[in-house]
Amino acid sequence: MSRLSIVHFLRANAVVFSSVVQIGDSQEIRLSARALAVQRQLEYVDSREFPLLFPIFIKPIPTPPIDAEPLCRHTLHNCPLIAVHSVRVIGISSTSVVHIGSTKTVEAESRVKHIRQLTERRKEHASSRRSD
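For the sequence shown, the residue numbers in the numbering used here are 184 to 315.
Shown next, in the form of structure tokens:
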């Protein structure tokens with residue numbers, strides 16, 4: 184059953200990286216993001232340095248079985264409205280959804296590869312502290 188979504192006030196300061204603000208019904212929402220987070224001790228940027236060929240980005244994600252247990256559900260909507268007075272969101276990021284309404288299917292996938300690069304001096308200092 185579709186319902187009418189009424190929102191008096193919605194403020195989202197930031198909606199980034201494959202995220203959605205949806206008011207009203209939808210059939211499906213599909214979100215996908217790939218991110219490479221590089222932390223360096225010395226500042227250096229080269230967009231060609233890391234191709235997105237890491238296994239984390241291409242490895243298939245196993246999906247849980249949907250029909251594992253029978254689901255009995257009874258929903259009664261006495262009012263054909265979804266009424267919201269106000270929503271305030273600081274930030275929505277990395278395949279997230281703020282949804283006021285109904286949807287049949289939501290699929291969201293976020294893959295992040297973190298890389299830390301330290302200078303040799305810092306690595307030597309860290310290893311000498313471990314041996315103490």
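Just so you know, even glycine gets a beta-carbon here, dropped at the ideal spot from N, CA and C.
Asked: Indicate the three-state DSSP secondary structure (helix, strand or coil) for F237 in the structure shown.; Found: coil
Asked: When DSSP labels each residue in this structure, what does E303 get in the three-state scheme?; Found: helix
Asked: For R231, does the three-state DSSP call read helix, strand or coil?; Found: coil
Asked: Closest to F240 by CA distance: which of R217, G284, R256, V221 is it?; Found: R217
Asked: Short of 6 angstroms in beta carbon distance, which residues of its chain neighbour H297, apart from the five on each side in sequence? Order them along the chain.; Found: A220
Asked: Less than 8 angstroms separating the beta-carbons of R213 and S285?; Found: no
Asked: Which ranges does the alpha helix (DSSP H) cover as unbroken runs of at least 4 residues, wholly within the segment 257-299, from first to last along the chain?; Found: none
Asked: Less than 8 angstroms between the CB atoms is what I'm expecting for H282 and H191, so what's the real figure, rounded?; Found: Incorrect: roughly 17 angstroms between the Cβ atoms, too far for contact.
Asked: Check whether the segment 198-208 touches the segment 247-261, taking contact to mean three or more Cβ pairs, one atom from each stretch, closer than 8 angstroms.; Found: no
Asked: Let me make sure I understand the geometry here. Which of E303, C262, S276, I275 has the alpha-carbon closest to that of I189?; Found: C262
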